[in-house]
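K.L.:
This note's numbering numbers the first residue of the sequence shown as 9 and each following residue consecutively.
Before I ask anything, let me first share the structure, which is written out below as structure tokens.
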Amino acid sequence: MEKQEIIALAGNPNVGKSTLFNCLTGLHQHTGNWPGKTVGVAVGYMTYGGKTYRMVDLPGTYALSGGGEDEQIAASYLARQEADCVIVVCDGGSLERNLILLLQILGLTKQVVLCVNLMDEAMRQGTQVDGGKLSEILGIPVVLTAAGSRKGVEELQQAMADVASGRQICNPITPPVDAVAAAEEIAAQCVIRTPTKSVARQKRIDQLLTGRLLGIPLMLLLLLGVIWLTVWGANYPSELLEVLFNRFYDLLQLLCAPLPGWLTGLLLDGIYSTCAQVIAVMLPPMMIFFPLFTILEDIGYLPRVAFLLDPGMSRCGGCGKQALTLCMGLGCNAVGVTGCRIIDSPRERALAIVTNAFVPCNGRFPTLIILGSLFFPQVGAALLVAAFVLLGVISAMGVSGLLSKTVFRGSSSTFVMEMPPFRKPRIGQILVRSLLDRTVFVAMRAVSVAAPAGLVLWLLANSPVLGQLVKLLEPIGGLLGMNGVILLGFLLSFPANELLLPVILMALTGAGSLRGVSGMESAMVLGAGWTAKTALLTMVFTLLHWPCATTLLTVKKETGSLFQTVLAFLLPTLVGVGICLLLNILL
9 MEKQEIIALA
19 GNPNVGKSTL
29 FNCLTGLHQH
39 TGNWPGKTVG
49 VAVGYMTYGG
59 KTYRMVDLPG
69 TYALSGGGED
79 EQIAASYLAR
89 QEADCVIVVC
99 DGGSLERNLI
109 LLLQILGLTK
119 QVVLCVNLMD
129 EAMRQGTQVD
139 GGKLSEILGI
149 PVVLTAAGSR
159 KGVEELQQAM
169 ADVASGRQIC
179 NPITPPVDAV
189 AAAEEIAAQC
199 VIRTPTKSVA
209 RQKRIDQLLT
219 GRLLGIPLML
229 LLLLGVIWLT
239 VWGANYPSEL
249 LEVLFNRFYD
259 LLQLLCAPLP
269 GWLTGLLLDG
279 IYSTCAQVIA
289 VMLPPMMIFF
299 PLFTILEDIG
309 YLPRVAFLLD
319 PGMSRCGGCG
329 KQALTLCMGL
339 GCNAVGVTGC
349 RIIDSPRERA
359 LAIVTNAFVP
369 CNGRFPTLII
379 LGSLFFPQVG
389 AALLVAAFVL
399 LGVISAMGVS
409 GLLSKTVFRG
419 SSSTFVMEMP
429 PFRKPRIGQI
439 LVRSLLDRTV
449 FVAMRAVSVA
459 APAGLVLWLL
469 ANSPVLGQLV
479 KLLEPIGGLL
489 GMNGVILLGF
499 LLSFPANELL
509 LPVILMALTG
519 AGSLRGVSGM
529 ESAMVLGAGW
539 TAKTALLTMV
549 FTLLHWPCAT
559 TLLTVKKETG
569 SLFQTVLAFL
579 LPTLVGVGIC
589 LLLNILL
């Protein structure tokens with residue numbers, strides 16, 4: 009059997025390496041326009057010239073000599089010399105900095121192809137790279153590419169295949185002792201820069217978005233805009249889905265007519281109705297929020313957010329990278345926890361992990377949006393939800409500051425991050441990536457949890473147990489400004505936050521089913537015994553309570569520490585309980 013050749017991709021963060029990996033392998037791996045997004049080692053397969061190659065996407069790193077996890081992964085893999093060819097991906101607009109890593113890699117292996125990527129952006133910025141001259145100096149093949157539009161990709165595949173098979177022998181230069189002086193000298197011989205209007209325009213935009221005067225206000229306005237579009241756009245689709253699911257319920261009821269009544273109730277009123285309500289509540293907001301959030305990620309705005317929040321995070325004992333992980337947590341807290349790998353300092357990484365659940369994930373957004381729309385239309389649900397997001401960020405910063413002076417003492421590390429150029433959003437890829445990779449994935453996860461939860465809920469609702477639990481929790485719920493039904497909803501939605509409203513609605517109807525609870529009827533149900541104060545405190549506790557089971561399992565997996573997992577559970581819960589107790593007294 010013919011040996012399968014291995015091709016490794018290495019490069020600095022934010023040079024389009026993961027986009028090139030997807031282009032070569034056909035895998036739709038999520039790629040983000042910020043440094044350090046790829047932390048693990050991704051593997052795919054590429055067929056070219058009748059042969060199949062094993063492609064290994066190493067984490068983005070600026071050097072091989074640092075102590076960060078991404079640097080250790082890349083350095084250890086390259087040192088083992090398992091790859092038959094290493095493709096080093098560089099940014100054509102920042103060749104001087106990128107060549108430092110290339111020169112270090114040449115000290116470990118000679119089987120190297122240099123891919124100068126993002127040449128379309130570089131040319132728009134007035135940068136030209138002489139690939140032939142660069143190849144002559146380095147003694148290795150050099151290919152200029154624009155992976156987003158597949159320009160130069162076939163030439164890269166040919167060069168890679170030639171080097172991996174030994175058809176082309178590389179004779180690289182001896183790596184210099186001072187890679188930084190050498191990288192500058194090489195780039196000076198091969199790069200010609202002509203100032204363009206686009207460079208000056210981008211600089212002015214950056215000064216506006218990251219300036220002390222307007223940076224924070226513009227960030228808040230953008231956040232408010234994204235949330236307003238989510239709130240405004242989600243109402244009608246949500247109502248439409250509920251109507252469709254109710255009609256399908258009628259059809260299923262006819263089909264299940266021969267079955268025993270208890271089995272029909274279990275399948276339709278329990279499992280089906282709960283799953284339908286979860287999808288109707290959470291799917292429309294996700295289908296709007298995720299694409300909008302991905303656009304901000306794709307154009308390169310999120311690193312600017314990290315830059316703006318870095319001073320505040322540093323004063324709280326954290327760093328700007330924690331802001332990036334909080335942004336990831338807006339989609340899913342488990343993803344945010346995993347993203348904390350990009351933080352080099354173990355102390356700061358621990359701070360980011362145990363406080364990530366302070367920002368609302370996609371499972372909590374629908375509850376905040378619906379309660380805000382029902383009870384505070386005069387304030388504006390979007391404004392209120394945006395205020396809750398800010399409350400979550402402020403709480404995360406405050407708790408981080410407290411922990412950095414107590415449990416996680418230590419000095420803050422430096423935060424060095426490249427500010428990527430603004431890029432034209434790839435709308436087609438964004439829609440596919442956000443709707444399929446994110447929305448559908450999260451929805452399927454929610455349904456997989458909602459189905460067994462619906463079964464348990466139906467059994468509880470059709471027995472005296474549910475009522476007894478509500479009575480047992482009523483005093484505690486009353487202290488927090490809520491009631492026993494709401495508190496039971498929080499407890500039973502521990503597997504997934506998306507279950508909160510369905511559980512509350514099922515308990516309030518008293519019918520043991522979510523059948524027929526839709527549109528204005530849901531407002532009437534929620535209004536039975538509820539006040540604006542009840543809704544406000546429920547929103548506070550929705551934002552600040554224990555993370556879902558998936559997030560806690562992720563914390564345990566990432567840290568290997570039961571203590572940090574317990575902290576991640578207790579910290580938002582204690583803050584939420586404290587704020588609810590205080591507001592219940594004051595209001």
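Note that CB positions come from ideal geometry on N, CA and C, so glycine has one too.
Source: prediction; values computed, not measured.
#1: Candidates 392, 99, 127, 114: which alpha carbon is nearest residue 87's?
#2: Measuring CB to CB, does residue 238 end up less than 9 angstroms from residue 300?
#3: Just verifying my parser: in three-state terms, what is the DSSP assignment at residue 34?
#4: Please go through the same chain and pick out, in chain order, the residues whose beta-carbon is closer than 8 angstroms to the beta-carbon of residue 41, but skip the five residues on each side of it.
#5: Comparing alpha-carbon positions, which option in 232, 68, 562, 362 lies nearest residue 390?
#6: Of all the options 435, 11, 128, which has the alpha carbon lying nearest to the alpha carbon of residue 154?
#7: Under three-state DSSP, which class holds residue 148?
#8: Exposed or buried, which one is residue 554 when buried takes at least 16 other CB atoms within 10 Å?
#9: Return helix, strand or coil for residue 352, following the three-state DSSP convention.
#10: Just to confirm, is the Cβ distance from residue 369 to residue 328 under 9 angstroms?
#11: Considering only the beta carbon of each residue, do residue 199 and residue 137 sit closer than 9 angstroms?
#12: Should residue 89 be labelled buried (16 or more other beta-carbon atoms within 10 Å of its own) or exposed?
#13: For residue 333, which residues of its own chain have a beta-carbon under 7 angstroms away from its beta-carbon, when the five flanking residues on both sides are left out?
#14: With burial defined as no fewer than 16 other Cβ atoms inside 10 Å of the residue's Cβ, what is the status of residue 295: buried or exposed?
#15: Residue range of the beta strand (DSSP E) that residue 50 falls in?
#16: I think residue 98 touches residue 121, with their Cβ atoms under 8 angstroms apart; what is that distance to the nearest whole Å?
#17: Could you give the C-beta distance for residue 511 and residue 552, rounded to a whole number, given that I count them as a contact under 8 angstroms?
#18: Which residues in the same chain have their Cβ closer than 7 angstroms to the Cβ of residue 201, if we skip the five residues on either side of it in sequence?
#19: Whose C-alpha, out of 564, 496, 289, 413, is nearest the C-alpha of residue 451?
#20: Could you check how far apart the C-beta atoms of residue 279 and residue 463 are, in whole angstroms? I think they sit under 8 angstroms.
#21: Given this structure, state the Cα-to-Cα distance separating residue 411 from residue 569, to the nearest angstrom.
#22: In this structure, what does DSSP give as the bridge partners for residue 122?
#23: Could you compute how far the alpha carbon of residue 545 sits from the alpha carbon of residue 214?
#24: In the DSSP assignment, the beta strand (DSSP E) including residue 61 goes from what residue to what residue?
#25: Using only the alpha-carbon positions, how far apart do residue 26 and residue 492 sit?
#26: In chain order, what residues of the same chain have a beta carbon less than 6 angstroms from the beta carbon of residue 506, not counting five sequence neighbours either side?
#27: Alpha carbon to alpha carbon, how far is residue 586 from residue 580?
#28: Label residue 91 either buried or exposed according to how many other C-beta atoms from any shown protein chain fall within 10 Å of its C-beta, with 16 as the threshold for buried.
#29: Put residue 436 into one of helix, strand or coil per three-state DSSP.
#30: Tell me which residues share the same chain as residue 439 and place their Cβ nearer than 7 angstroms to its Cβ, disregarding the 5 neighbours each side in the sequence.
#31: Who are the near neighbours of residue 142 in its chain, counting only those whose CB is closer than 6 angstroms to its CB and skipping five residues on each side?
#32: Drop a sphere of 10 angstroms on the beta-carbon of residue 179, count the other beta-carbons inside from all chains shown, and report buried for 16 or more, exposed for fewer.
#33: May I ask you to list the residues that DSSP assigns as paired with residue 136?
#34: Which class does residue 418 belong to by DSSP, given the choice of helix, strand or coil?
#35: Please check the pair residue 481 and residue 495, which I expect to be a contact at CB under 8 angstroms, by giving their CB distance rounded to whole angstroms.
#36: I'd like to check one pair, residue 397 with residue 377: are the Cβ atoms closer than 9 angstroms?
P.N.:
The structure says:
#1: Taking the first residue of the sequence shown as 1, we reach residue 87 at position 79. Of the candidates 392, 99, 127, 114, 114 places its Cα closest to the Cα of residue 87.
#2: Here residue 238 refers to the residue found at position 230 when the sequence shown is read from its first residue. Here residue 300 refers to the residue found at position 292 when the sequence shown is read from its first residue. Closer than 9 angstroms, so yes.
#3: Within the sequence shown, the letter at position 26 stands for residue 34. Residue state, collapsed to three classes: coil.
#4: Residue mapping note: residue 41 aligns to position 33 of the sequence shown, counting from 1. With a pLDDT of 40 at residue 41, under the threshold of 50, the predicted position of this residue should be treated as unreliable, and no value is reported.
#5: Counted from its first residue, the sequence shown places residue 390 at position 382. Relative to the Cα of residue 390, the nearest Cα in the group 232, 68, 562, 362 belongs to 232.
#6: The count along the sequence shown starts at 1 and reaches residue 154 at position 146. Residue 154 has its Cα closest to that of 128, out of 435, 11, 128.
#7: For this step, residue 148 is matched to residue 140 along the sequence shown. Residue 148: coil per DSSP, three-state reduction.
#8: Reading the sequence shown from its first residue, position 546 is the one you call residue 554. With 16 or more other Cβ atoms within 10 Å, it is buried.
#9: In the sequence shown, the residue the question calls residue 352 occupies position 344. It is coil, neither helix nor strand.
#10: Indexing the sequence shown from 1 puts residue 369 at position 361. Indexing the sequence shown from 1 puts residue 328 at position 320. Not closer than 9 angstroms, so no.
#11: On the sequence shown, position 191 is the one that residue 199 refers to. On the sequence shown, position 129 is the one that residue 137 refers to. Taking 9 angstroms as the Cβ cut-off, residue 199 and residue 137 qualify as a contacting pair.
#12: Looking up residue 89 in the sequence shown gives position 81. Exposed, because fewer than 16 other Cβ atoms sit within 10 Å of the Cβ of residue 89.
#13: The residue you call residue 333 lines up with position 325 of the sequence shown. So the qualifying residues of the chain are 344, 347, 348, 360, 364.
#14: For the purposes of this step, residue 295 is taken as residue 287 along the sequence shown, with counting starting at 1. Under this definition residue 295 is a buried residue.
#15: Here residue 50 refers to the residue found at position 42 of the sequence shown. From DSSP, the beta strand (DSSP E) with residue 50 extends over 50-56.
#16: For the purposes of this step, residue 98 is taken as the residue at position 90 of the sequence shown. For the purposes of this step, residue 121 is taken as the residue at position 113 of the sequence shown. With 8 angstroms as the limit, residue 98 and residue 121 do not qualify as a contact, their Cβ atoms being about 11 angstroms apart.
#17: To locate residue 511, count along the sequence shown from 1; it is residue 503. To locate residue 552, count along the sequence shown from 1; it is residue 544. With 8 angstroms as the limit, residue 511 and residue 552 do not qualify as a contact, their Cβ atoms being about 19 angstroms apart.
#18: Taking the first residue of the sequence shown as 1, we reach residue 201 at position 193. Sequence-distant partners of residue 201 (beyond 5 residues in either direction) whose C-beta falls short of 7 angstroms from its own C-beta, in its chain, are 134, 135.
#19: If you number the sequence shown from 1, residue 451 lands on position 443. With distances taken between CA atoms, residue 451 lies nearest to 289 out of 564, 496, 289, 413.
#20: Indexing the sequence shown from 1 puts residue 279 at position 271. Indexing the sequence shown from 1 puts residue 463 at position 455. That pair is a contact at about 6 angstroms.
#21: Working through the sequence shown from its first residue, we reach residue 411 at position 403. Working through the sequence shown from its first residue, we reach residue 569 at position 561. Residue 411 and residue 569 have their C-alpha atoms roughly 16 angstroms apart.
#22: Here residue 122 refers to the residue found at position 114 when the sequence shown is read from its first residue. Residue 122 is bridged to 96, 150.
#23: For this step, residue 545 is matched to residue 537 along the sequence shown. For this step, residue 214 is matched to residue 206 along the sequence shown. Taking the straight line joining both Cα atoms gives about 39 angstroms.
#24: The residue you call residue 61 lines up with position 53 of the sequence shown. Element bounds for residue 61: 59-65.
#25: Counting from one through the sequence shown, the residue named residue 26 turns up at place 18. Counting from one through the sequence shown, the residue named residue 492 turns up at place 484. Per the coordinates, the alpha-carbon of residue 26 lies some 49 angstroms from the alpha-carbon of residue 492.
#26: Along the sequence shown, read from residue 1 onward, the residue named residue 506 stands at position 498. So the qualifying residues of the chain are 286, 290, 371, 454.
#27: The residue you call residue 586 lines up with position 578 of the sequence shown. The residue you call residue 580 lines up with position 572 of the sequence shown. Rounded to whole angstroms, residue 586 to residue 580 spans 10 angstroms at the Cα level.
#28: Here the question's residue 91 lines up with position 83 in the sequence shown. Buried: at least 16 other Cβ atoms inside 10 Å.
#29: Residue mapping note: residue 436 aligns to position 428 of the sequence shown, counting from 1. It is helical.
#30: For the purposes of this step, residue 439 is identified with residue 431 of the sequence shown, where counting begins at 1. Around residue 439: 299.
#31: Here residue 142 refers to the residue found at position 134 when the sequence shown is read from its first residue. The answer, listed in chain order, is 150, 198.
#32: On the sequence shown, residue 179 is found 171 positions in, with the first residue counted as 1. Under this definition residue 179 is an exposed residue.
#33: Working through the sequence shown from its first residue, we reach residue 136 at position 128. Residue 136 is bridged to 200.
#34: On the sequence shown, position 410 is the one that residue 418 refers to. Shown here, residue 418 sits in coil according to DSSP, grouped into three states, outside any helix or strand.
#35: Residue mapping note: residue 481 aligns to position 473 of the sequence shown, counting from 1. Residue mapping note: residue 495 aligns to position 487 of the sequence shown, counting from 1. The Cβ separation is near 5 angstroms, so the contact holds.
#36: If you number the sequence shown from 1, residue 377 lands on position 369. If you number the sequence shown from 1, residue 397 lands on position 389. Contact: no.
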